[in-house]
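Going by the numbering used here, the sequence shown opens with residue 37, and the numbers climb by one from there. C-beta atoms are modelled at their ideal positions from N, C-alpha and C, and glycine is treated no differently.
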Amino acid sequence: MEEFFKNIGVAGFWFFFIKGCLWLVLFALVYFGIIDKQKAKAFKSKITFWKRSNKKAKE
Numbered sequence: 037m038e039e040f041f042k043n044i045g046v047a048g049f050w051f052f053f054i055k056g057c058l059w060l061v062l063f064a065l066v067y068f069g070i071i072d073k074q075k076a077k078a079f080k081s082k083i084t085f086w087k088r089s090n091k092k093a094k095e
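Here it is as structure tokens:
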């Protein structure tokens, strides 16, 4: 585990830590009904930069 932290560095650690915390907050907001599931899906689709394509499966 220590080697992993050396490889990603301090900035990488904080990036993934904050990203993980934000996802947990989003899931909690959906769970408690503060925001609805459709808004969460719309948000997720907006921030997804890379999606797998199934071009090979279609051919």
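How is the alpha helix (DSSP H) around Gly-56 delimited, first residue to last? For the purposes of this step, residue 56 is taken as the residue at position 20 of the sequence shown. Here the alpha helix (DSSP H) through Gly-56 covers 38-67.
Helix, strand or coil for Ile-71? Go by DSSP, reduced to three states. Here residue 71 refers to the residue found at position 35 of the sequence shown. Looking at Ile-71 - three-state DSSP - the assignment turns out to be coil, as it is neither helix nor strand.
Anyone know if the C-beta pair for Ala-76 and Val-66 falls short of 7 Å? Position 40 of the sequence shown, counted from the first residue, corresponds to residue 76. Position 30 of the sequence shown, counted from the first residue, corresponds to residue 66. Going by C-beta atoms, Ala-76 is nearer than 7 Å to Val-66.
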